[in-house]
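Numbering (the numbering used here), first residue to last: 8 to 323.
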(Lines of atoms letter the chains of each structure in order from A and count residues from 1; the text may use other names and numbers.)
(Lines give C-alpha, C1' and ligand atoms only; values in the text may rest on other atoms or scores of the structure.)
Protein backbone atom coordinates (compact mmCIF):
# COMPACT_ATOMS: atom_id res chain seq x y z
CA UNK A 1 0.00 0.00 0.00
CA UNK A 2 1.29 3.42 -0.96
CA UNK A 3 1.19 5.84 1.93
CA UNK A 4 1.05 9.59 1.67
CA UNK A 5 4.36 11.25 2.60
CA UNK A 6 3.90 13.88 5.31
CA UNK A 7 6.58 16.27 6.55
CA UNK A 8 6.17 17.21 10.22
CA UNK A 9 8.06 19.66 12.43
CA UNK A 10 8.38 18.69 16.10
CA UNK A 11 9.74 20.76 18.94
CA UNK A 12 11.71 19.62 21.97
CA UNK A 13 11.14 22.53 24.35
CA UNK A 14 13.91 22.50 26.95
CA UNK A 15 13.90 24.19 30.34
CA UNK A 16 17.04 25.15 32.21
CA UNK A 17 16.54 22.22 34.60
CA UNK A 18 16.74 19.78 31.68
CA UNK A 19 13.02 19.00 31.47
CA UNK A 20 11.31 18.70 28.10
CA UNK A 21 7.65 19.36 27.24
CA UNK A 22 5.11 16.77 26.11
CA UNK A 23 1.49 17.23 25.14
CA UNK A 24 -1.34 14.67 25.36
CA UNK A 25 -3.50 14.40 22.27
CA UNK A 26 -7.11 15.52 22.69
CA UNK A 27 -10.06 13.04 22.68
CA UNK A 28 -11.30 14.11 19.24
CA UNK A 29 -7.99 13.44 17.44
CA UNK A 30 -6.24 10.43 15.91
CA UNK A 31 -4.28 8.58 18.62
CA UNK A 32 -6.30 10.32 21.33
CA UNK A 33 -4.63 10.13 24.73
CA UNK A 34 -1.16 9.52 23.34
CA UNK A 35 1.70 11.80 24.34
CA UNK A 36 3.77 13.66 21.75
CA UNK A 37 6.21 16.48 21.22
CA UNK A 38 4.36 19.60 20.10
CA UNK A 39 4.46 20.59 16.45
CA UNK A 40 2.62 19.89 13.25
CA UNK A 41 2.57 19.52 9.49
CA UNK A 42 4.98 21.46 7.30
CA UNK A 43 2.89 23.44 4.81
CA UNK A 44 3.96 24.06 1.18
CA UNK A 45 6.58 26.79 0.98
CA UNK A 46 7.65 26.39 4.63
CA UNK A 47 10.89 25.06 6.00
CA UNK A 48 10.56 22.72 9.00
CA UNK A 49 11.88 25.49 11.26
CA UNK A 50 9.31 27.98 9.93
CA UNK A 51 6.54 25.42 10.35
CA UNK A 52 7.55 24.73 13.95
CA UNK A 53 7.60 28.41 14.85
CA UNK A 54 4.09 28.78 13.44
CA UNK A 55 2.78 25.61 15.08
CA UNK A 56 4.10 26.51 18.53
CA UNK A 57 2.44 29.90 18.26
CA UNK A 58 -0.85 28.25 17.32
CA UNK A 59 -0.66 25.36 19.81
CA UNK A 60 1.05 26.94 22.81
CA UNK A 61 0.83 30.70 22.29
CA UNK A 62 4.59 31.24 22.41
CA UNK A 63 6.95 33.04 20.06
CA UNK A 64 10.10 31.03 19.45
CA UNK A 65 13.27 33.15 19.51
CA UNK A 66 15.88 30.40 19.24
CA UNK A 67 15.83 26.84 17.97
CA UNK A 68 18.35 24.30 16.70
CA UNK A 69 18.12 21.41 14.23
CA UNK A 70 18.50 18.06 15.98
CA UNK A 71 17.20 14.73 14.63
CA UNK A 72 15.08 13.58 11.70
CA UNK A 73 13.13 10.33 12.02
CA UNK A 74 10.70 8.53 9.73
CA UNK A 75 7.74 6.37 10.74
CA UNK A 76 5.15 4.39 8.82
CA UNK A 77 1.69 4.88 10.26
CA UNK A 78 -1.35 3.16 8.75
CA UNK A 79 -2.45 6.42 7.18
CA UNK A 80 0.85 8.04 6.23
CA UNK A 81 4.62 7.87 5.92
CA UNK A 82 5.68 10.58 8.33
CA UNK A 83 9.08 12.28 8.42
CA UNK A 84 9.57 14.24 11.62
CA UNK A 85 12.08 17.07 11.77
CA UNK A 86 12.94 17.51 15.45
CA UNK A 87 14.32 20.83 16.64
CA UNK A 88 15.48 21.82 20.09
CA UNK A 89 13.61 24.91 21.18
CA UNK A 90 15.83 26.70 23.67
CA UNK A 91 14.28 30.17 23.92
CA UNK A 92 10.82 31.60 23.52
CA UNK A 93 8.65 34.49 24.65
CA UNK A 94 5.22 34.31 26.24
CA UNK A 95 3.51 32.00 28.71
CA UNK A 96 2.54 28.48 27.64
CA UNK A 97 -1.17 28.27 26.87
CA UNK A 98 -2.56 24.80 26.14
CA UNK A 99 -4.78 25.30 23.07
CA UNK A 100 -4.97 21.84 21.46
CA UNK A 101 -3.83 19.19 23.96
CA UNK A 102 -5.68 17.54 26.83
CA UNK A 103 -2.68 18.15 29.08
CA UNK A 104 0.91 19.35 29.09
CA UNK A 105 3.74 17.88 31.16
CA UNK A 106 7.37 18.80 31.81
CA UNK A 107 9.39 15.58 32.00
CA UNK A 108 12.93 14.85 33.19
CA UNK A 109 14.87 12.72 30.66
CA UNK A 110 15.90 10.24 33.36
CA UNK A 111 12.48 10.29 35.05
CA UNK A 112 9.36 8.16 34.42
CA UNK A 113 8.14 8.36 30.82
CA UNK A 114 4.63 9.39 29.89
CA UNK A 115 2.63 6.61 28.29
CA UNK A 116 1.47 5.84 25.78
CA UNK A 117 3.83 7.76 23.49
CA UNK A 118 3.20 8.19 19.77
CA UNK A 119 5.37 5.49 18.13
CA UNK A 120 7.29 7.99 16.02
CA UNK A 121 8.26 9.95 19.12
CA UNK A 122 9.33 7.07 21.36
CA UNK A 123 12.96 6.69 20.17
CA UNK A 124 13.55 10.38 20.90
CA UNK A 125 13.23 9.70 24.62
CA UNK A 126 16.38 7.57 24.68
CA UNK A 127 18.29 10.23 22.76
CA UNK A 128 17.27 12.77 25.39
CA UNK A 129 18.84 10.58 28.10
CA UNK A 130 22.20 10.71 26.33
CA UNK A 131 24.54 13.19 28.05
CA UNK A 132 25.80 16.12 25.96
CA UNK A 133 29.53 15.73 26.67
CA UNK A 134 31.65 12.63 26.08
CA UNK A 135 35.10 12.26 27.61
CA UNK A 136 37.46 9.86 25.82
CA UNK A 137 40.23 8.46 28.00
CA UNK A 138 43.96 8.70 27.30
CA UNK A 139 45.46 6.67 30.14
CA UNK A 140 48.15 5.18 27.90
CA UNK A 141 49.43 8.69 27.25
CA UNK A 142 49.14 10.38 30.65
CA UNK A 143 49.26 7.36 32.96
CA UNK A 144 46.55 5.28 34.61
CA UNK A 145 46.53 7.05 37.95
CA UNK A 146 46.63 10.50 36.35
CA UNK A 147 43.71 9.52 34.12
CA UNK A 148 41.66 8.21 37.03
CA UNK A 149 42.33 11.41 38.96
CA UNK A 150 41.30 13.48 35.93
CA UNK A 151 38.20 11.33 35.50
CA UNK A 152 37.17 11.91 39.10
CA UNK A 153 37.56 15.68 38.67
CA UNK A 154 35.54 15.66 35.46
CA UNK A 155 32.77 13.56 37.00
CA UNK A 156 32.59 15.92 39.97
CA UNK A 157 32.23 18.78 37.47
CA UNK A 158 29.31 17.08 35.70
CA UNK A 159 30.71 14.66 33.08
CA UNK A 160 28.35 11.68 32.68
CA UNK A 161 29.48 9.91 29.49
CA UNK A 162 32.89 8.24 29.17
CA UNK A 163 34.49 6.18 26.43
CA UNK A 164 37.42 3.99 27.45
CA UNK A 165 39.75 3.91 24.44
CA UNK A 166 42.96 2.25 25.60
CA UNK A 167 44.17 -0.27 23.00
CA UNK A 168 47.80 0.69 23.77
CA UNK A 169 47.59 -0.51 27.38
CA UNK A 170 48.57 -4.12 28.14
CA UNK A 171 45.48 -6.34 28.41
CA UNK A 172 45.55 -6.80 32.17
CA UNK A 173 46.27 -3.14 32.85
CA UNK A 174 43.52 -2.14 30.42
CA UNK A 175 40.93 -4.27 32.17
CA UNK A 176 41.94 -3.04 35.63
CA UNK A 177 41.74 0.53 34.41
CA UNK A 178 38.35 -0.02 32.75
CA UNK A 179 36.94 -1.54 35.96
CA UNK A 180 38.25 1.34 38.06
CA UNK A 181 36.86 3.88 35.61
CA UNK A 182 33.47 2.14 35.53
CA UNK A 183 33.22 2.19 39.33
CA UNK A 184 33.83 5.94 39.36
CA UNK A 185 31.39 6.63 36.53
CA UNK A 186 28.66 4.50 38.11
CA UNK A 187 29.11 6.28 41.43
CA UNK A 188 28.12 9.49 39.64
CA UNK A 189 25.22 7.94 37.72
CA UNK A 190 26.97 8.10 34.36
CA UNK A 191 27.45 5.82 31.35
CA UNK A 192 30.69 4.10 30.33
CA UNK A 193 31.38 2.54 26.93
CA UNK A 194 34.41 0.51 25.87
CA UNK A 195 36.01 1.20 22.51
CA UNK A 196 35.87 -1.86 20.20
CA UNK A 197 36.60 -4.59 22.77
CA UNK A 198 33.17 -6.17 23.21
CA UNK A 199 34.54 -9.01 25.34
CA UNK A 200 36.04 -6.54 27.82
CA UNK A 201 32.81 -4.54 27.88
CA UNK A 202 30.87 -7.69 28.78
CA UNK A 203 33.34 -8.85 31.43
CA UNK A 204 33.22 -5.61 33.35
CA UNK A 205 29.50 -4.94 32.80
CA UNK A 206 29.98 -1.71 30.85
CA UNK A 207 26.95 0.18 29.59
CA UNK A 208 27.94 -0.31 25.98
CA UNK A 209 30.51 -0.44 23.25
CA UNK A 210 31.89 2.14 20.82
CA UNK A 211 32.83 0.99 17.30
CA UNK A 212 35.75 2.42 15.31
CA UNK A 213 34.76 3.30 11.73
CA UNK A 214 36.30 0.13 10.25
CA UNK A 215 34.29 -2.06 12.63
CA UNK A 216 31.17 -0.04 11.94
CA UNK A 217 31.42 -0.56 8.18
CA UNK A 218 32.07 -4.29 8.60
CA UNK A 219 29.22 -4.86 11.09
CA UNK A 220 26.18 -6.80 9.89
CA UNK A 221 24.06 -6.04 12.94
CA UNK A 222 24.03 -3.89 16.03
CA UNK A 223 26.08 -5.32 18.93
CA UNK A 224 23.88 -6.51 21.79
CA UNK A 225 24.47 -3.75 24.35
CA UNK A 226 22.12 -1.13 25.83
CA UNK A 227 24.23 1.68 24.31
CA UNK A 228 26.19 1.46 21.07
CA UNK A 229 27.92 4.25 19.17
CA UNK A 230 30.51 4.64 16.45
CA UNK A 231 33.22 6.93 15.11
CA UNK A 232 32.41 8.42 11.70
CA UNK A 233 34.23 10.65 9.25
CA UNK A 234 31.77 11.06 6.38
CA UNK A 235 28.12 10.75 5.40
CA UNK A 236 28.37 7.10 4.33
CA UNK A 237 29.62 6.06 7.75
CA UNK A 238 26.92 8.08 9.49
CA UNK A 239 24.25 6.46 7.35
CA UNK A 240 25.64 3.04 8.22
CA UNK A 241 25.42 3.89 11.92
CA UNK A 242 21.79 4.94 11.38
CA UNK A 243 21.01 1.75 9.42
CA UNK A 244 22.31 -0.34 12.35
CA UNK A 245 20.09 1.66 14.74
CA UNK A 246 23.04 2.83 16.81
CA UNK A 247 22.39 5.24 19.66
CA UNK A 248 24.85 7.93 18.59
CA UNK A 249 27.81 8.71 16.35
CA UNK A 250 30.92 10.85 16.63
CA UNK A 251 31.77 12.96 13.58
CA UNK A 252 35.06 14.73 13.01
CA UNK A 253 37.54 16.13 13.05
CA UNK A 254 35.73 19.45 13.07
CA UNK A 255 38.83 21.54 13.88
CA UNK A 256 42.57 20.75 13.55
CA UNK A 257 43.80 18.36 16.23
CA UNK A 258 47.08 17.18 17.75
CA UNK A 259 46.07 13.65 16.80
CA UNK A 260 46.06 14.57 13.09
CA UNK A 261 48.71 17.30 12.70
CA UNK A 262 48.56 19.25 9.45
CA UNK A 263 45.06 18.00 8.63
CA UNK A 264 42.38 20.65 8.28
CA UNK A 265 39.08 19.90 9.97
CA UNK A 266 35.74 19.88 8.18
CA UNK A 267 34.68 23.09 9.95
CA UNK A 268 31.27 23.86 11.36
CA UNK A 269 29.57 24.28 7.99
CA UNK A 270 30.98 20.95 6.89
CA UNK A 271 29.81 19.31 10.09
CA UNK A 272 26.30 20.75 9.75
CA UNK A 273 25.97 19.62 6.14
CA UNK A 274 27.34 16.12 6.79
CA UNK A 275 25.24 15.43 9.90
CA UNK A 276 21.95 16.99 8.73
CA UNK A 277 18.74 14.98 8.64
CA UNK A 278 19.91 11.90 10.54
CA UNK A 279 17.83 9.88 13.03
CA UNK A 280 20.57 9.47 15.64
CA UNK A 281 22.41 12.00 17.82
CA UNK A 282 25.79 13.08 16.44
CA UNK A 283 28.59 14.42 18.64
CA UNK A 284 31.11 16.88 17.22
CA UNK A 285 34.71 15.72 17.70
CA UNK A 286 38.16 17.06 16.94
CA UNK A 287 39.97 20.00 18.48
CA UNK A 288 36.98 20.83 20.66
CA UNK A 289 36.39 21.77 24.28
CA UNK A 290 33.38 22.51 26.45
CA UNK A 291 33.55 26.12 25.21
CA UNK A 292 32.44 24.86 21.78
CA UNK A 293 29.17 23.36 23.07
CA UNK A 294 26.81 26.13 21.93
CA UNK A 295 28.45 26.37 18.51
CA UNK A 296 28.27 22.62 18.10
CA UNK A 297 24.59 22.40 18.99
CA UNK A 298 23.73 25.31 16.72
CA UNK A 299 25.29 23.21 13.93
CA UNK A 300 22.97 20.30 14.76
CA UNK A 301 25.29 18.35 17.05
CA UNK A 302 23.90 16.57 20.08
CA UNK A 303 26.97 17.64 21.99
CA UNK A 304 30.77 17.55 22.08
CA UNK A 305 33.25 14.70 22.46
CA UNK A 306 36.86 15.38 23.41
CA UNK A 307 40.03 13.76 24.67
CA UNK A 308 42.60 16.23 25.98
CA UNK A 309 40.32 19.18 26.74
CA UNK A 310 38.05 17.11 28.97
CA UNK A 311 40.85 16.09 31.33
CA UNK A 312 42.62 19.42 31.76
CA UNK A 313 42.52 20.67 35.37
CA UNK A 314 40.15 23.56 35.95
CA UNK A 315 42.17 26.66 36.79
CA UNK A 316 40.95 29.65 38.77
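Glycine included, each C-beta is placed from N, C-alpha and C at the ideal position.
Going by DSSP, residue 140 is part of the beta strand (DSSP E) stretching over 140 to 143. Of the other Cβ atoms in all chains shown, 16 or more fall within 10 Å of the Cβ of residue 80; this residue is therefore buried. Taking the Cα positions, residue 184 is about 12 Å away from residue 175. Excluding its 5 nearest sequence neighbours in each direction, residue 130 has C-beta neighbours in its own chain below 7 Å: 80, listed in chain order. Between the alpha carbons of residue 52 and residue 91 lies a gap of roughly 17 Å. As DSSP reads the structure, residue 128 sits in no beta bridge. Boundaries of the alpha helix (DSSP H) harbouring residue 281: 274 to 282, taken from the DSSP string. Take the alpha-carbon of residue 120 and the one of residue 114: they are about 7 Å apart.
Secondary structure at residue 159: helix, using DSSP grouped into helix, strand and coil. By the Cβ criterion, the region 27 to 43 is not in contact with the region 53 to 64, since fewer than three pairs of Cβ atoms, one from each stretch, lie closer than 8 Å. Distance from residue 136 to residue 116 at the Cβ level is roughly 5 Å; contact confirmed, criterion being Cβ atoms closer than 8 Å.
Taking C-beta separations shorter than 6 Å and ignoring five residues to either side along the sequence, the partners of residue 259 in its chain run 292, 293, following chain order. Out of 188, 126, 252, the CA that lies nearest to the CA of residue 42 is found in 126. Here DSSP, grouped into helix, strand and coil, assigns residue 201 to strand. Positions of the beta strand (DSSP E) runs, each at least 3 residues long and wholly inside the region 43 to 71, are given as 46 to 48 in order along the chain. Per DSSP, residue 118 lies in no beta strand (DSSP E) segment and is marked neither H nor E. Residue 257 places its beta carbon less than 9 Å from that of residue 141.
Between the alpha carbons of residue 209 and residue 228 lies a distance of about 17 Å. Using a Cβ distance threshold of 9 Å, residue 309 and residue 134 count as a contacting pair. Taking residue 13 as reference, the option from 29, 47, 22, 20 with the minimal CA-CA separation is 47.
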